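Chemist:
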Amino acid sequence: MQSTFSGIELGKRSLFAHSRALSTVGHNMSNASTEGYSRQRVHFTATDPLYRPQLNRAETPGQIGQGVDIARIERVRDELLEGRIVANANGEGYWETRDSYILQMEQIYNEPGDLSIRGQMDRFWDSWEELSIYPDQMASRQAVLENGKALAEGIQLRNQGLEQIRSMLNDDINVTVNQVNDLSREIASLNHEIVKVKAAGDEPNDLMDRRDLLIEELGQLIDVTVDYRDSDEINVHTAGFQLVQGDKFKEFELQSNPQNEGNPDVIWEYNQEQAHFRGGKLAALIELRDVDVREEIQGLDNMAVNFVDLVNEVHRDAYGMNGRTGLNFFDQHPFVNNVNGNFDADGDGAFDSTYLFRVTGNNSLDPEQEIGLAGTITLNGAQGPVQVDYQSEDTVRDVILRINNSGAEVVARLDREGRLSMKATPSAQMSNPDFVIRQMEDSGQFLVGYSGILLESGADGGYSSAQADAVAALRGGALSYEVSPLGHPSAWIGVSDEVSNDPASIATGFGAQGRPGEVGDGRAALEIASIRNQPVMVGQIDSFDDYFADTAAYIGLKGQEAEIALETQELIMKDLRDTRASISGVNIDEELAQMMKFQHGYNATSRFISTFNSMLDTIINRMGV
């Protein structure tokens with residue numbers, strides 16, 4: 001039987017429902033500018049009627065309604081769209097980071113410009129050319145000395161700039177790893193809170209908004225995939241492993257890598273395996289440090305060590321104004337002090353390796369002469385041995401070009417006396433040292449009797465750095481090779497003390513028949529000046545000018561690629577975020593319309609309760625005697 005006061009209860013429910021709806025509208029409008037907030041909607045449902053279809057129900061027509069209840073307050077969210085945003089966020093973070101750091105690298109190069117290394121090197125060559133004209137004047141020698149010091153300082157400053165960027169990248173990697181750990185921890189904590197709130201029958205909309213915002217931030221740092229099958233406890237995966245599962249999460253840590261000059265690797269804390277990311281800010285930072293900056297430093301080192309080697313090669317054979325000869329113009333610092341290049345690689349106290357940078361043959365060769373030999377040269381490469389075939393109709397120049405274009409980490413050139421010189425280049429693999437010839441053998445006679453480098457042909461007569469006293473496989477004794485330079489030649493390049501202390505020691509002329517060159521002889525100075533444009537650089541780069549042109553173009557192309565990719569990614573993310581805003585964002589006009597609707601409902605309910613109260617007053621106070 002329906003109660004006399006049932007109308008009051010019905011009205012109360014309506015008042016509470018519309019009051020809650022108005023509060024929800026106010027909550028939406030208050031958070032219209034809150035990042036990551038999703039508008040919420042109140043869903044009303046009719047309260048269960050008084051009578052149900054059973055035998056003891058009152059015999060009254062129809063079901064008597066009991067008013068309104070709030071079924072749920074849900075946030076407006078498109079999970080498929082959220083998945084796309086998270087999936088694309090890592091691309092935005094990746095290219096934004098690359099664009100920022102490559103711009104800093106471009107500023108270090110400052111090419112072209114008077115203060116750039118290329119401008120300083122041009123002045124260095126010009127001073128040698130002038131010295132060849134006036135070899136008897138101390139002013140010209142002083143100009144060569146000062147320009148040499150300025151050039152060496154410029155190369156050192158570029159190395160320092162690149163090293164500073166690498167240090168910044170290490171700091172940024174450390175900060176980003178901490179951010180990833182903090183975000184993972186907070187997402188797991190929110191998963192725990194959301195489960196508790198839902199277990200109590202409530203809708204933790206604001207907590208879920210916060211969790212989605214953190215996941216998007218995490219997606220900009222690393223590439224993540226999100227499993228939305230359980231909206232209470234979503235799972236997050238990255239780098240092939242599960243990062244967050246419910247209220248559990250895994251952390252990353254940094255571990256120093258000796259093979260990477262002590263720069264830290266990002267590893268999983270729980271299993272100590274290295275983490276490999278495919279996108280996001282962290283992947284860009286690691287790639288910039290271990291690929292881009294490393295390649296730039298290696299290229300600068302390669303230029304510096306060959307520049308020093310080529311200038312010193314001529315300078316040692318020439319005479320200064322004071323009659324001194326055999327002096328290096330630039331300092332050369334060997335990696336090991338052992339004259340045979342022997343090195344203890346595993347640290348057990350016994351020599352087990354040989355570190356040689358250059359090996360020069362004993363025989364003078366004509367670059368245009370056909371070799372009349374056939375065989376296969378095997379050299380060390382980035383991914384293992386590299387084989388270079390040669391035929392009898394090949395010229396010496398053909399074989400040299402084939403070696404330099406083979407991708408091996410050993411290159412060839414003819415020195416000023418026409419002897420074949422094999423030089424090591426920087427290593428692509430961090431586990432291998434730079435400027436070390438690791439393998440060199442010949443199945444025929446080109447490197448053996450023809451050029452005079454190896455003692456024997458075949459694998460048994462080959463040279464391998466993985467043993468001590470490997471120089472025993474070479475011809476000609478100690479004069480035919482040079483020990484590998486100390487790491488990063490661009491950091492220590494400088495004019496030798498002998499030359500700095502006495503500019504008269506700067507060599508300008510060649511001697512004859514064991515006698516020093518005459519004071520007015522400028523042939524050696526002219527030969528050094530001619531290094532400028534001659535094809536003397538090893539590998540696929542012909543000259544020093546080519547090196548600077550290729551370096552400036554390469555870094556410029558990288559910057560252009562990053563800029564275009566970032567613009568594209570930002571447009572994609574803007575389109576996705578605009579779409580999300582149109583679905584989940586707060587529209588003030590829409591909220592005002594909702595507020596007016598709920599206000600009218602609240603007012604109508606108040607009028608209903610007032611009317612029902614008057615009816616009850618009539619029954620209670622005005623009926624009877």
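Residue numbers for the sequence shown follow my numbering, so the first one is 1 and each next one is one higher.
Here a beta-carbon is modelled for each residue, glycine too, at the ideal position from N, C-alpha and C.
All values derive from a computational prediction rather than experimental measurement.
#1: Would you kindly check if the distance between the Cβ of Val410 and the Cβ of Ala428 is under 8 Å?
#2: List the whole-angstrom C-beta distance separating Ile222 from Leu282, where the pair is believed to meet the contact cut-off of C-beta under 8 Å.
#3: Could you tell me the distance, in whole angstroms, from the CA atom of Glu92 to the CA atom of Asp309?
#4: Can you check whether the CB of Ala46 is closer than 8 Å to the CB of Val68?
#5: What's the gap between the Cα of Ala504 and the Cα of Ile133?
#6: Which ranges would you report for the beta strand (DSSP E) in the segment 187 to 252 if only whole runs of at least 3 residues count?
#7: Looking at the structure shown, is Asn302 part of a helix, part of a strand, or coil, going by DSSP?
#8: Just curious, the alpha helix (DSSP H) that Ser23 is in, first and last residue?
#9: Sorted by chain position, which residues of the same chain lie with C-beta nearer than 7 Å to Thr579's C-beta, five sequence neighbours on each side aside?
#10: In three-state terms, what does DSSP make of Thr551?
#11: So, helix, strand or coil for Leu557, using DSSP?
#12: Within a Cβ cutoff of 6 Å, which residues of the same chain sit near Met422, ignoring the five residues on either side of it in sequence?
#13: Helix, strand or coil: how does DSSP classify Pro258 here?
#14: Straight-line CA distance for Glu706 to Ile588?
#15: Taking the alpha helix (DSSP H) that Gln120 falls in, what are its first and last residues?
#16: Take the Cβ of Phe446 as the centre, count every other Cβ of all protein chains shown within 10 Å, and call the residue buried at 16 or more, exposed below.
#17: Using a Cβ-Cβ cut-off of 7 Å (strictly less than) and excluding sequence neighbours within five positions of Glu186, which residues of its own chain qualify?
#18: Identify which residue in Arg123, Ile155, Gly161 and Ser167 has its Cα closest to the Cα of Glu146.
#19: How about Val436 and Tyr355: do their beta carbons lie closer than 8 Å?
#20: Can you tell me whether Tyr94 is helix, strand or coil according to DSSP?
#21: Determine the burial state of Glu417: buried for a count of at least 16 other Cβ atoms within 10 Å of its Cβ, exposed for fewer.
#22: Give every residue of the same chain whose Cβ lies closer than 7 Å to the Cβ of Gln534, excluding the five residues on either side of it in the sequence, and list them in chain order.
#23: Put Leu379 into one of helix, strand or coil per three-state DSSP.
#24: Any idea if Leu103 is buried or exposed, counting beta-carbon neighbours within 10 angstroms, 16 or more meaning buried?
#25: Pop quiz: Ala491 and Asn159 are said to be a contact at Cβ under 8 Å. What is the actual Cβ separation, rounded to whole angstroms?
#26: Going by Cα to Cα distance, which pick from Tyr602, Val314, Gln569 and Trp268 is closest to Asn88?
#27: Would you please verify whether the beta carbon of Arg580 is less than 8 Å from any beta carbon of chain C?
#28: Between which residues of its own chain and Val236 is the CB-CB distance below 6 Å, once the five residues before and five after are set aside?
#29: Near Gly381, what residues of its chain come up, given a Cβ to Cβ distance below 7 Å and the 5 sequence neighbours on each side ignored?
#30: Hey, Val177 and Leu254 are a contact pair by Cβ (cut 8 Å); roughly how many whole angstroms apart?
#31: Is the segment 262 to 269 close to the segment 245 to 252, with three or more CB pairs under 8 Å?
#32: What three-state label does DSSP hand Leu454 in the structure shown?
#33: How big is the Cα-Cα spacing for Ser256 and Ile173?
#34: Assign Met595 to one of three DSSP states: helix, strand, or coil.
#35: Which residue marks the beginning of the beta strand (DSSP E) containing Val359, and which one marks its end?
#36: Any idea what DSSP makes of Pro385, helix, strand or coil?
Modeler: Checking against the coordinates, here is how it stands:
#1: It is not a contact, given that the beta carbons lie outside the stated cut-off.
#2: Taking a contact as a CB-CB distance under 8 Å, the pair Ile222 and Leu282 counts as one, their CB atoms being some 5 Å apart.
#3: Those two C-alpha atoms are separated by around 44 Å.
#4: Between Val68 and Ala46, the gap from beta carbon to beta carbon is short of 8 Å.
#5: Each residue's alpha carbon lies about 16 Å from the other.
#6: Counting only runs of 3 or more, we get 225 to 227, 235 to 238 and 241 to 245.
#7: Of the three classes helix, strand and coil, the one that applies to Asn302 here is helix, per DSSP.
#8: If you look at Ser23, you'll find it in the alpha helix (DSSP H) that goes Ser6 to Ser30.
#9: The answer, listed in chain order, is Leu81.
#10: If DSSP states are grouped into helix, strand and coil, Thr551 belongs with the helices.
#11: Here Leu557 sits in helix by DSSP.
#12: For Met422, where only same-chain residues beyond five positions count, the Cβ hits under 6 Å are Val359, Val410 and Ala412.
#13: Three-state result, Pro258: helix.
#14: Outside the displayed span of the chain (1 to 625) sits residue 706, for which this structure offers no information.
#15: Counting along the chain, the alpha helix (DSSP H) containing Gln120 begins and ends at Ile117 to Ile133.
#16: Label assigned to Phe446: buried.
#17: Residues Leu214 of the same chain have their beta carbon placed closer than 7 Å to that of Glu186, with the five preceding and five following residues left out of the count.
#18: Taking Glu146 as reference, the option from Arg123, Ile155, Gly161 and Ser167 with the minimal CA-CA separation is Arg123.
#19: Yes, the Cβ-Cβ distance between Val436 and Tyr355 is below 8 Å.
#20: The answer is helix: DSSP assigns Tyr94 an H, G or I state.
#21: Counting every other CB atom within 10 Å of its CB across the protein chains shown gives Glu417 a total below 16, marking it as exposed.
#22: Closer than 7 Å at the Cβ level, and outside the excluded window around Gln534, lie Ser543.
#23: If DSSP states are grouped into helix, strand and coil, Leu379 belongs with the strands.
#24: By the 10 Å Cβ count, Leu103 comes out exposed.
#25: The pair is a contact, with the Cβ atoms about 5 Å apart (cut-off 8 Å).
#26: Of Tyr602, Val314, Gln569 and Trp268, the residue nearest in Cα terms is Gln569.
#27: Among the protein chains of the structure shown there is no chain C, as only one such chain exists.
#28: The answer, listed in chain order, is Val224, Val226, Leu243 and Val244.
#29: Cβ-Cβ distances below 7 Å link Gly381 to Gly407, Ala408 and Glu409 in the same chain, with the five nearest sequence neighbours on each side left out; the list follows chain order.
#30: That belief holds up - the Cβ atoms of Val177 and Leu254 are roughly 6 Å apart, short of 8 Å.
#31: Yes, they touch.
#32: Three-state DSSP puts Leu454 in a strand.
#33: Taking the straight line from one Cα to the other gives about 13 Å.
#34: The answer is helix: DSSP assigns Met595 an H, G or I state.
#35: Note, Val359: beta strand (DSSP E), Leu356 to Ser364.
#36: The three-state reading of DSSP puts Pro385 in strand, counting E and B together.
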